[in-house]
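What follows is a set of notes on a single structure, which appears directly below.
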Amino acid sequence: MILLKNVRPYDKSADVQDILICGRDIIEIAPNIDVPERLIEQTIDGEGLVAAPGYIDQHVHITGGGGEGGFSNQVPPLKLSQLVDAGVTTVVGLLGTDGTTRSVANLVAKTKAFNEEGWTAYCLTGSYWYPTHTLTGSVTDDITFIQEIIGVKVAISDHRGSGITKEELTRLGHAARMGGMLSGKAGIVHLHTGSGEEELRKIIDIVKTSDLPVSVFRPTHLSRHMDQAVEFASLGGYIDFTAGTNPSYVAGILNTAFSRAPKDRVTLSSDGNGSLPMWNEKKELIGITAGRVSADHDVICAMVNEFGYKYSDAIRVLTENPAKALKLYPYKGLLAAGSCADILLLSDTLAIDTVIANGKLFKLHGKSMYTPKFE
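This is the structure:
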């Protein structure tokens, strides 16, 4: 067992508490927990620190993204240390533009590797392209039979996509939903939304005219599509924004989304280790950088420090909301007895001091507590 002493819960509505961890789970949160010393493997003094749930990032290129502009533009794979330092204790990996030199098989293998190292990792089959690249030959079978796969990825409204039609997207939605129903998973269609003029019109039309529930479709990269994002959220959909490279700007975008859409439908993700290409008016590549998983926390800090949000309200976009969207709540996304022991301890300045994932200590007071492989 691990005992955290004298921490302040992230909503700051309660007095100083202790948190008792056994295995992967939180088993008690209360003042002055008394446990026989022989049962405690480690006691951590959390005086002055805030305890919060670990972050959930549902859009990370764990095998590396990019590739636009040539092979040298491929972004390297994600390292576990990047997730630890970012406080992201649950990650969903996916492919992007490149489903040719990058494969679903490699993505699933990388997902399994993170899980073997004590993390929580899921992934999506597919890439930007349609017909979908899969492992089994079927989107439904991938979701149903491969434990780590919880949905499918495709691109809309982007010159790098396949020009998927409304009818094809509807069939893809049915395939994902069936896989989700058969396996008890979320069964989602995760939609890279580019800067094209079509925006979200296809999926809004599908939701309004077909039998598919709005919960099937999960558009992301919506900073440029606020009006249609708000319309989609008004139908009950989740809307995901990308942390990007400018925390203040994205915090402002989230502030706008909170003012116009239901707060429980708004989520944030990093696009970590994915490419962030820059295009001219002719759609010619003129520059490329990579996303960072640490950008998630940077945006949260900007929401608190620049827009006056309580930390407990700001982190919903990385905890409770995505956990519910991915059918992981209340085991994930919550700090409570019976929930997973994914815990961040933060200083008064919101610096991430300590990271616990699945009940295992990965960082303590700023110091790494594990030996990363090949880093």
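FYI, in the numbering used here the residues of the sequence shown are 990 to 1364. Backbone N, C-alpha and C define an ideal beta-carbon position, used for all residues, glycine too.
Inset, instruction - State yes or no: is the C-beta of Ala-1232 within less than 8 Å of the C-beta of Ser-1264? - result: The residue you call residue 1232 lines up with position 243 of the sequence shown. The residue you call residue 1264 lines up with position 275 of the sequence shown. No, the pair does not count as a contact, with Cβ atoms beyond the cut-off.
Inset, instruction - Given a cut-off of 8 Å, decide if Ile-1341 and Gly-1076 are closer than it, judged by their beta-carbon atoms. - result: Translated into positions along the sequence shown, residue 1076 becomes position 87. Translated into positions along the sequence shown, residue 1341 becomes position 352. Yes, they are a contact pair.
Inset, instruction - Just tell me which of Gln-1047, Gly-1185 and Leu-1084 has its CA closest to the CA of Lys-1272. - result: Here residue 1272 refers to the residue found at position 283 of the sequence shown. Comparing Cα positions, the closest option is Gly-1185.
Inset, instruction - Pull up the distance between the alpha-carbon of Ile-1145 and that of Ile-1138, whole angstroms please. - result: Here the question's residue 1145 lines up with position 156 in the sequence shown. Here the question's residue 1138 lines up with position 149 in the sequence shown. The straight-line gap from Cα to Cα measures roughly 21 Å.
Legend entry - Backbone CA spacing between Val-1049 and Thr-1086 [nearest angstrom]: Locating residue 1049 in the sequence shown gives position 60, counting from the first residue. Locating residue 1086 in the sequence shown gives position 97, counting from the first residue. Each residue's alpha carbon lies about 13 Å from the other.
Legend entry - Selection from Gln-1071, Ile-1135 and Ile-1033 that minimises the alpha carbon distance to Asp-1285: Locating residue 1285 in the sequence shown gives position 296, where the first residue counts as 1. Selected option, being the one with the closest Cα: Gln-1071.
Legend entry - CB of Leu-1180 within 8 Å of CB of Thr-1209, strictly: Along the sequence shown, read from residue 1 onward, the residue named residue 1180 stands at position 191. Along the sequence shown, read from residue 1 onward, the residue named residue 1209 stands at position 220. In this structure, Thr-1209 lies closer than 8 Å to Leu-1180 by Cβ.
Legend entry - Simplified DSSP assignment, three categories, for Gly-1140: Here residue 1140 corresponds to residue number 151 of the sequence shown, with the count starting at 1. Three-state DSSP puts Gly-1140 in a strand.
Legend entry - Identity of the residues DSSP links to Tyr-1044 by a beta bridge: Here residue 1044 refers to the residue found at position 55 of the sequence shown. Beta-bridge pairing links Tyr-1044 to Val-1077.
Legend entry - Which listed residue (His-1354, Ser-1237 and His-1214) has its alpha carbon closest to that of Tyr-1298: Here residue 1298 is taken as the residue at index 309 of the sequence shown, counted from 1. Considering only alpha carbons, the answer is Ser-1237.
Inset, instruction - Please report how far the alpha carbon of Met-1167 lies from the alpha carbon of Asp-1200, in whole angstroms. - result: Sequence index remark: in the sequence shown, residue 1167 carries index 178 (1-based). Sequence index remark: in the sequence shown, residue 1200 carries index 211 (1-based). Approximately 13 Å, taken between the alpha carbons.
Legend entry - Inside the segment 1231-1318 only - alpha helix (DSSP H) runs reaching at least 4 residues: 1236-1249, 1284-1296, 1300-1303 and 1309-1314
Inset, instruction - Using 10 angstroms around the beta-carbon of Phe-1351, count the other beta-carbons present and answer buried if the total reaches 16, otherwise exposed. - result: As a working mapping, residue 1351 is identified with position 362 in the sequence shown. Looking at its Cβ environment, which holds 16 or more other Cβ atoms inside 10 Å, Phe-1351 is buried.
Inset, instruction - Taking Phe-1221 as part of the beta strand (DSSP E), name the residues at either end of that continuous run. - result: Counted from its first residue, the sequence shown places residue 1221 at position 232. It is not in any beta strand (DSSP E) - Phe-1221 instead sits in the alpha helix (DSSP H) that spans 1215-1223.
Legend entry - 6 Å CB neighbourhood of Asn-1244 in its chain, flanking five on each side removed: As a working note, residue 1244 is residue 255 in the sequence shown. Counting only Cβ-Cβ distances below 6 Å, and skipping sequence neighbours, we find Phe-1296.
Legend entry - Delimiting residues of the beta strand (DSSP E) encompassing Phe-1206: To locate residue 1206, count along the sequence shown from 1; it is residue 217. Counting along the chain, the beta strand (DSSP E) containing Phe-1206 begins and ends at 1206-1209.
Legend entry - Thr-1090 classed as buried or exposed, judged by whether at least 16 other C-beta atoms fall within 10 angstroms: To locate residue 1090, count along the sequence shown from 1; it is residue 101. Thr-1090 is exposed by the Cβ-count criterion.
Legend entry - Cβ-Cβ separation, Ile-1029 to Leu-992 (assumed contact under 8 Å), whole Å: Residue numbering aside, residue 992 sits at position 3 when the sequence shown is read from its first letter. Residue numbering aside, residue 1029 sits at position 40 when the sequence shown is read from its first letter. Confirmed, Cβ separation roughly 5 Å.
Inset, instruction - Note down, in chain order, each residue of its chain lying with its Cβ closer than 6 Å to the Cβ of Ile-1022, except the 5 sequence neighbours on either side. - result: Start at 1 with the first residue of the sequence shown, and residue 1022 comes out as number 33. Asp-1007 and Leu-1009, listed in sequence order.
Inset, instruction - Can you tell me which of the three DSSP states Leu-1158 falls into? - result: As a first step, residue 1158 is located in the sequence shown; it is residue number 169 there, counting from the start. Three-state result, Leu-1158: helix.
Inset, instruction - Determine the DSSP secondary structure at Val-1196, reduced to helix, strand or coil. - result: What you label residue 1196 is simply residue 207 of the sequence shown in a count that begins at 1. Helix, per DSSP.
Inset, instruction - Excluding the 5 residues preceding and the 5 following Thr-1078 in the sequence, name in chain order all residues of the same chain whose CB lies nearer than 6 Å to its CB. - result: Along the sequence shown, read from residue 1 onward, the residue named residue 1078 stands at position 89. Excluding residues within five positions, the ones whose Cβ falls inside 6 Å are Gly-1043, Asp-1331 and Ala-1346.
Inset, instruction - Give me the Cα-Cα distance between Ser-1212 and Phe-1363, rounded to the nearest whole angstrom. - result: Residue 1212 sits at position 223 when you count from the first residue of the sequence shown. Residue 1363 sits at position 374 when you count from the first residue of the sequence shown. So the alpha carbons of these two residues sit roughly 36 Å apart.
Legend entry - Contact check, Thr-1142 vs Lys-1191, beta carbons under 8 Å: Here residue 1142 refers to the residue found at position 153 of the sequence shown. Here residue 1191 refers to the residue found at position 202 of the sequence shown. The sequence given here places Lys at residue 1142; Thr does not occur at that position. Contact: no.
Legend entry - Close-in-space but distant-in-sequence residues of the same chain around Lys-1316 (CB under 6 Å, 5 per side omitted): Position 327 of the sequence shown, counted from the start, is the residue given in the question as residue 1316. Contacts found: Ala-1175.
Inset, instruction - Give a yes or no on whether the C-beta atoms belonging to Ala-1094 and Leu-1113 are separated by under 8 Å. - result: Taking the sequence shown and counting its residues from 1, one reaches residue 1094 at position 105. Taking the sequence shown and counting its residues from 1, one reaches residue 1113 at position 124. For Ala-1094 and Leu-1113, no; Cβs fall outside 8 Å.
Inset, instruction - Find the nearest neighbour of Asn-1062 within the set Asp-1216, Pro-1319 and Ala-1279, judged by alpha-carbon distance. - result: Numbered from its first residue, the sequence shown carries residue 1062 at position 73. Looking at the Cα atoms, Ala-1279 is the closest of the given residues.
Legend entry - Residue burial classification, Lys-1197 (beta-carbon count within 10 angstroms, cutoff 16): In the sequence shown, counting from the first residue as 1, residue 1197 sits at position 208. Classification of Lys-1197: exposed, given that the 10 Å Cβ count is below 16.
Inset, instruction - Please name the residue, chosen from Val-1255, Gly-1327, Leu-1323 and Ala-1165, that lies closest to Tyr-999 on a Cα-to-Cα basis. - result: For the purposes of this step, residue 999 is taken as the residue at position 10 of the sequence shown. Cα-wise, what sits closest to Tyr-999 is Leu-1323.
Legend entry - Alpha carbon of Gln-1047 to alpha carbon of Thr-1129, nearest angstrom: The sequence position of residue 1047 within the sequence shown is 58, counting from 1. The sequence position of residue 1129 within the sequence shown is 140, counting from 1. Going from the Cα of Gln-1047 to the Cα of Thr-1129 covers about 20 Å.
Legend entry - Close-in-space but distant-in-sequence residues of the same chain around Ile-1277 (CB under 8 Å, 5 per side omitted): To locate residue 1277, count along the sequence shown from 1; it is residue 288. Hits under 8 Å: Gly-1055, Glu-1057, Gly-1058, Asn-1062, Ser-1264, Leu-1265, Pro-1266 and Met-1267.
Legend entry - Unbroken beta strand (DSSP E) run spanning Val-1005, endpoints: Reading the sequence shown from its first residue, position 16 is the one you call residue 1005. That residue, Val-1005, is in no beta strand (DSSP E); it is neither H nor E in DSSP.
Legend entry - From Gly-1126, Gln-1136 and Ile-1132, residue whose alpha carbon lies closest to that of Thr-1402: Since the first and last residues shown for the chain are 990 and 1364, residue 1402 lies out of range.
Legend entry - Helix, strand or coil at Phe-1363 [DSSP, three-state]: Within the sequence shown, the letter at position 374 stands for residue 1363. Coil, per DSSP.
Legend entry - Rounded distance between the beta-carbons of Ser-1328 and Leu-1038, thought under 8 Å: On the sequence shown, residue 1038 is found 49 positions in, with the first residue counted as 1. On the sequence shown, residue 1328 is found 339 positions in, with the first residue counted as 1. About 19 Å separates the two Cβ atoms, so there is no contact after all.
Inset, instruction - Give the DSSP bridge partners of Lys-1349, in chain order. - result: Sequence index remark: in the sequence shown, residue 1349 carries index 360 (1-based). The partner list for Lys-1349 (beta bridge, DSSP) reads Ala-1346.
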